[in-house]
Amino acid sequence: MAIGLELTINDTTDQGGRYLTWAATPCQLRVSAPDGAVQPIPVTISTGAGSRGRLEFRMSRDGQAAGQLRAELPVDGEAVAFFVSGRFGSPSVDDGDTHIEIRNRDTGAVLSSVPVMVRIRKNANLLRPAERDRFLSAIARLNNQGQGLYQNYRDTHVDNTRLEAHGRHGFLPWHRAYLLDLERELQRIDPAVTIPYWRFDQPAPNVFTAAFLGTTGTSGFARFLPSNPLRVWTTDGQIGILRRPFFEPGTSAAHDDNGQRVRREAVIVGFRGPFSTLTGPFESNPHGSAHDSFSGHVSAIGSAVRDPLFFLLHCNVDRLWAKWQWFNRRFDPQDPGTYQFNGAAGTANATRIGHNLRDTMWPWNGDTRNPRPATAPRTPFPDSPVTHLPGPAPTVGSMIDFQGLGPDAHHLGFDYDDVPYQPE
Amino acid sequence: MDPEEYRRQYATEIAQVAGPDQAAMTAMEPDAAVALIGDTGTAVDLRLAAIDAARFDATSHPEVIASLLAVLGNRADEPAVRRAALGALRENTFRVAAFRQYAPDYLNTLRGILDDPNQQLRERVVEVLALENDEYTQRRLLDGLENPEVALVAPQRALQLLGYDLHAEHYELLRDFAGQDTDPAARNTALRLLAADGASADLFARILQDRSQDLGARALSGVALSSLAPAEFSSVAEEIVLDDTDDDDLRATLLTALSHGTARPERADLAERVLAHASTPELTRAAEQYAQAAPAEAEETTDG
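Protein chains in written order, with this note's numbering: chain A, 3 to 426; chain B, 7 to 310.
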């Protein structure tokens, strides 16, 4: 008989909760079988040997991060609480490739080694082939040749739903929710998958390949290797993805057919003004410019989701907003510099419904009354084993503090490889 | 990496990289921009710079949008300036609510370019209008397919553009293109667009099994059949996949359709038998994916 320990991560002992980001994730460790011990058991909690990702530990959510933590575990089963996070710059590359290791400080014996994954959204151009293939397989399965759940996302982002998601301040929060919704469905298929981002202000020679998002075919349709799941991609009852870039993806940043390039990351992230003066120009360029750097499906709102590139493009849009938030410390939803319309539709100084901080967002709220669209293809918002947030009907405000930096806040379960978690 | 150190490094990078572009986040004064954009006597690069500066907040300034539309619609103006105006307008259409008031004039200006002598601009605008599901443009495309003398674009391109807003009444026309062999590019596009047409299932089955057919057409027919008639597809596809005298890329494509399409993989031994003789990396890879996708219970029934 050996000492038994029970580790709770993200409020669950299930394997489904063992996915970490850079944000502080709540853990509880307790002795489940003391094996005759009568004194508290002194332990060290650290990253296990051979782990691909690296971990950091804190005693409180906003405390100082350290590579290891010392604790005394009561033998009566009382839990010791702490926080774990991925160490910025050291994500996982595979499911369970990183371990939380608990050692007895007196004997040096490993009492427990729990596999976890530091699951981070990454630059698509830098993905390992196995990471790339997992994403492609998951999204192809979700689409199921146009007969799967992907159709719901297709139906959500169409011409007659434009006003819910575009042209006003809710543009960025709405698309953050939309990405997270899709990512959670992909993770139900393969929990190791995240949406990669296409950094459109840099060349992406590894993205627009036949093994990934396709090369440009003479026909105008993207070309794929025979084994690429996108080879059988079908939407709206039609085979293939119509897409032709106006730029050379292997050597150039995105630009339109007149050479007008997308605005660079440094310009967006370095913008010091409030959100209200950022969002409009941001929506036009780089967002609109990135869409408009192609002909084909992805170049118009009503058809863009037919091309899975849409989600990599928007993942980068969201990353830029996240990085702007981090660099300018804009996570407090009540700060007018973070978001302008902090009330609800129908109150003083409010904007259109769905774009105010306290408004719930269509389609997840199921609201099909005028002026909302007549149908709601995605409702409710999917739950996740790592967090119950943002709940079934997310508000605009619930998308702001995605890392859970505010008081009593909680992360939403995603992070970017180049946006740190940095409590005040 | 320490986040605070990362922040310091990033601030330095931003200061070095963003400097000149940062000013562009603040749009040029609308009056100054309009004066430059519309002045055909001004050097092209200055007018392009004015469009560049005005585009970022154009929807807030009707006079800027009006000047961009005027330039775009002026056949006598410089093509580069007209294309830049189109790009700026396109970019602003993504600000849906703010652009809505300009949409009618924008679409009318675009329709006027369908017969523009500038081919590059014309072909771009045809697609922009097709993406807007513009009925006038759809009618012009259909007219061109019936009478090549009035065609806006080649048949293959016209079919692609109609595909943005395909209706059931287009299927008969598509079947005509799918049945001909004088324009393979148009034929393959028609096959792609017919993938939801139940009446074409027999056609797809015939093409897939006919080794004299173009390989691209066979592959497309296989993919279409896999969603239209999964059971029939599985049967035909398995036969082809096991035939090592048939084309390896086609076999790999069919395996991919079996493992990632609506026709579920059923024969666990299929991958094993392909892998025993696979001669190309793609076929090997597709077979391995099939093996991963095959359900466990199927592994017990290897005869088929």
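Backbone N, C-alpha and C fix where the C-beta goes; we use that ideal spot for every residue, glycine too.
Rounded distance between the beta-carbons of residue j and residue i, thought under 8 angstroms
i, j, result
"A/Pro373", "A/Trp24", "With a Cβ gap of about 38 angstroms, A/Pro373 and A/Trp24 do not count as contacting."
"A/Ile303", "A/His177", "With 8 angstroms as the limit, A/Ile303 and A/His177 do not qualify as a contact, their Cβ atoms being about 12 angstroms apart."
"A/Val33", "A/Leu75", "5 angstroms"
"A/Trp366", "A/Ala347", "With 8 angstroms as the limit, A/Trp366 and A/Ala347 do not qualify as a contact, their Cβ atoms being about 16 angstroms apart."
"A/Leu9", "A/Val116", "5 angstroms"
"B/Ser206", "B/Leu214", "So it is not a contact: roughly 12 angstroms between Cβ atoms."
"A/Asp157", "A/Pro384", "Actually they do not touch by this definition, with Cβ atoms about 16 angstroms apart."
"A/Val77", "A/Pro42", "7 angstroms"
For residue i, three-class secondary structure by DSSP
i, result
"B/Met7", "coil"
"B/Ile71", "helix"
"B/Glu272", "coil"
"A/His168", "coil"
"A/Ala268", "helix"
"A/Pro76", "coil"
"B/Leu261", "helix"
"A/Thr389", "strand"
"B/Val156", "helix"
"A/Ser305", "coil"
"A/Pro247", "strand"
"A/Asp13", "coil"
"B/Tyr108", "helix"
"A/Ile141", "helix"
"A/Ala35", "strand"
"A/Phe85", "strand"
"A/Val273", "Note that residue 273 of chain A is Phe in the sequence shown here, rather than Val. In this structure, A/Phe273 counts as coil in the three-state DSSP scheme."
"B/Thr181", "Correcting the residue identity first, residue 181 of chain B is Arg in this sequence and not Thr. Helix at B/Arg181."
"A/Leu163", "The sequence shown places Thr at residue 163 of chain A, rather than the Leu named in the question. The answer is helix: DSSP assigns A/Thr163 an H, G or I state."
"A/Thr370", "coil"
Pairwise C-alpha distance: residue j and residue i
i, j, result
"B/Glu278", "A/Leu151", "31 angstroms"
"A/Gly38", "A/Asp13", "28 angstroms"
"A/Asn208", "B/Asp255", "22 angstroms"
"A/Thr220", "B/Gly93", "24 angstroms"
"B/Val229", "B/Ala263", "6 angstroms"
"A/Arg321", "A/Asp16", "29 angstroms"
"B/Glu129", "B/Ala157", "11 angstroms"
"A/His171", "A/Leu391", "22 angstroms"
"B/Glu288", "B/Val247", "13 angstroms"
"A/Asp410", "B/Arg106", "41 angstroms"
Below-8 angstroms beta-carbon distance, residue i vs any chain B residue
i, result
"A/Leu244", "yes"
"A/His168", "yes"
"A/Asn146", "yes"
"A/Ser254", "no"
"A/Leu227", "yes"
"A/Ile241", "yes"
"A/Asn287", "yes"
"A/Asp433", "Given a span of 3 to 426 for chain A in the structure shown, any question on residue 433 of chain A remains unanswerable."
"A/Ala302", "yes"
"A/Gly149", "Position check: residue 149 of chain A holds Gln in this sequence, whereas Gly was assumed. With 8 angstroms as the cut-off, A/Gln149 counts as an interface residue toward chain B."
"A/Leu165", "yes"
"A/Asn318", "no"
"A/Phe329", "yes"
"A/Ser305", "yes"
Closer than 8 angstroms to chain A by CB, residue i
i, result
"B/Leu195", "What sits at residue 195 of chain B in the sequence shown is Thr, not Leu. True, the Cβ-Cβ gap to chain A drops below 8 angstroms."
"B/Ala109", "no"
"B/Arg291", "yes"
"B/Ala258", "yes"
"B/Asp58", "yes"
"B/Glu178", "no"
"B/Pro36", "no"
"B/Glu11", "no"
"B/Gln186", "no"
"B/Leu135", "no"
"B/Gly93", "yes"
"B/Phe183", "no"
Inset, instruction - Kindly confirm or deny that the segment 48-64 of chain A and the segment 79-97 of chain A touch, where touching means at least three C-beta pairs closer than 8 angstroms. - result: yes
Inset, instruction - Assess, as a yes-or-no matter, whether the segment 56-76 of chain B is touched by the segment 94-101 of chain B under the definition of 3 or more beta carbon pairs within less than 8 angstroms. - result: yes
Legend entry - Stretch pair the segment 327-340 of chain A + the segment 267-279 of chain A: three plus CB contacts closer than 8 angstroms: yes
Inset, instruction - May I ask you to verify whether the segment 198-217 of chain A touches the segment 94-114 of chain A, counting CB pairs closer than 8 angstroms and requiring at least 3? - result: no
Legend entry - Contact between the segment 190-205 of chain B and the segment 216-233 of chain B (3+ Cβ pairs under 8 angstroms): yes
Legend entry - Contact the segment 284-292 of chain A vs the segment 230-241 of chain A: 3+ CB pairs below 8 angstroms: no
Legend entry - Stretch pair the segment 63-73 of chain A + the segment 136-144 of chain A: three plus CB contacts closer than 8 angstroms: no
Legend entry - Segment contact, 8 angstroms Cβ cut-off, at least three pairs: the segment 173-191 of chain A with the segment 108-121 of chain B: no
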